[in-house]
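Engineer: Under my numbering, the first residue of the sequence shown is numbered 2, with each subsequent residue one higher.
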Amino acid sequence: MSPNARVWKVYLDECRKFDVCRFEEWRDGLDVLVVFSGLFSIVVAIFCSQTFQRLRPDHNSMTSALLAEMVEIERAIADGTPVEEIAHTITDFAPKTSDLWVNGLCFSSLGVSIFIAVVAMLAKQWLRQYMAIPQEMPATVFASGTSVTRRSRNGVFLRSLLSCLFSCTSRWACSLLA
Numbered sequence: 002m003s004p005n006a007r008v009w010k011v012y013l014d015e016c017r018k019f020d021v022c023r024f025e026e027w028r029d030g031l032d033v034l035v036v037f038s039g040l041f042s043i044v045v046a047i048f049c050s051q052t053f054q055r056l057r058p059d060h061n062s063m064t065s066a067l068l069a070e071m072v073e074i075e076r077a078i079a080d081g082t083p084v085e086e087i088a089h090t091i092t093d094f095a096p097k098t099s100d101l102w103v104n105g106l107c108f109s110s111l112g113v114s115i116f117i118a119v120v121a122m123l124a125k126q127w128l129r130q131y132m133a134i135p136q137e138m139p140a141t142v143f144a145s146g147t148s149v150t151r152r153s154r155n156g157v158f159l160r161s162l163l164s165c166l167f168s169c170t171s172r173w174a175c176s177l178l179a
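(1) Return helix, strand or coil for residue 92, following the three-state DSSP convention.
(2) Taking DSSP as the reference, what is the three-state secondary structure of residue 43?
(3) Residue 42 and residue 115: beta carbons closer than 7 Å?
(4) According to DSSP, is residue 121 helix, strand or coil?
(5) Taking Cβ positions only, does residue 22 come closer than 7 Å to chain D?
(6) Mind checking residue 45: buried by the 16 CB within 10 Å criterion, or exposed?
(7) Taking the alpha carbon of residue 95 as the point to measure from, which residue in 71, 24 and 57 has its own alpha carbon closest?
(8) Nearest CA to the CA of residue 49: which residue from 18, 9, 105 and 74?
(9) Is the segment 83-92 touching the segment 56-75, taking contact as three or more C-beta pairs under 8 Å?
(10) Just to confirm my understanding: we take residue 53, look at its own chain, exclude 5 residues before and 5 after, and list those with CB closer than 7 Å. What are they?
(11) Find the nearest neighbour of residue 128 within the set 27, 15 and 6, judged by alpha-carbon distance.
(12) Grouping DSSP H, G and I as helix and E and B as strand, with all else coil, what is residue 112?
(13) Between residue 132 and residue 24, which are expected to be in contact by the criterion C-beta below 8 Å, what is the C-beta distance as a whole number of angstroms?
(14) Are the beta-carbon atoms of residue 55 and residue 93 separated by less than 7 Å?
(15) Starting from the C-beta of residue 38, find all residues in its chain whose C-beta is less than 8 Å away, skip the five residues before and the five after it, and write them out in chain order.
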């Protein structure tokens with residue numbers, strides 16, 4: 002079959018119609034995903050900033066303990082008792098294991114949601130670039146040097162790959178998440 006065969010032009014026209022419908026749906030789904038992951042990232046970032054404070058010692062209680070210890074030292078000096086007998090109230094700070102787990106999961110979910118937003122934006126850019134291929138195609142060779150036949154075969158491969166991905170997401174009910 003020659004590269005100038007009418008079948009390739011008809012095929013490309015039909016694929017363009019199919020692509021416009023399919024990619025509009027995907028673009029809308031990606032918009033929802035970007036907005037949701039952005040809002041989720043904001044909420045998780047606020048939550049992380051609040052829970053991160055539990056990993057540091059409480060300076061107010063530490064100041065209160067030091068002031069109480071100073072009062073005990075002054076009383077001991079006034080009574081004439083040795084200062085060494087006064088118990089030290091400050092201990093080394095170690096965060097709870099549950100606080101470490103909560104913060105680890107919180108920062109992990111923040112990283113995953115930001116990663117998903119970046120991947121969705123990259124997918125949107127790819128869709129925008131794919132749809133920017135001109136509809137009017139020269140008879141034999143594109144500006145990039147690829148022929149209509151090669152471009153059509155690449156389109157068949159790409160469409161079969163995307164159809165496979167779409168059927169997998171439908172099978173796993175990923176469309177319910179959007």
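By construction, the Cβ of each residue, glycine as well, lies at the ideal position given by its N, Cα and C atoms.
Structural biologist: Inspection of the coordinates gives the following:
(1) In the three-state reduction of the DSSP assignment, residue 92 falls in the coil class.
(2) Three-state DSSP puts residue 43 in a helix.
(3) One thing to note: residue 42 has its Cβ within 7 Å of the Cβ of residue 115.
(4) It is helical.
(5) Among the chains of the structure shown, chain D does not appear; only one protein chain is present.
(6) The C-beta of residue 45 has 16 or more other C-beta atoms within 10 Å across all chains shown, which makes the residue buried.
(7) Closest option to residue 95, Cα to Cα, is 57.
(8) The shortest C-alpha separation from residue 49 is found at 105.
(9) At 8 Å Cβ cutoff, the stretches touch.
(10) When the five nearest sequence neighbours on each side are left out, the beta carbons in the same chain lying within less than 7 Å of the beta carbon of residue 53 are those of 104, in order along the chain.
(11) Of 27, 15 and 6, the residue nearest in Cα terms is 27.
(12) Three-state DSSP puts residue 112 in a helix.
(13) 6 Å between Cβ atoms; contact.
(14) Result no, Cβ atoms of residue 55 and residue 93 do not sit closer than 7 Å.
(15) Closer than 8 Å at the Cβ level, and outside the excluded window around residue 38, lie 114, 115, 117, 118 and 121.
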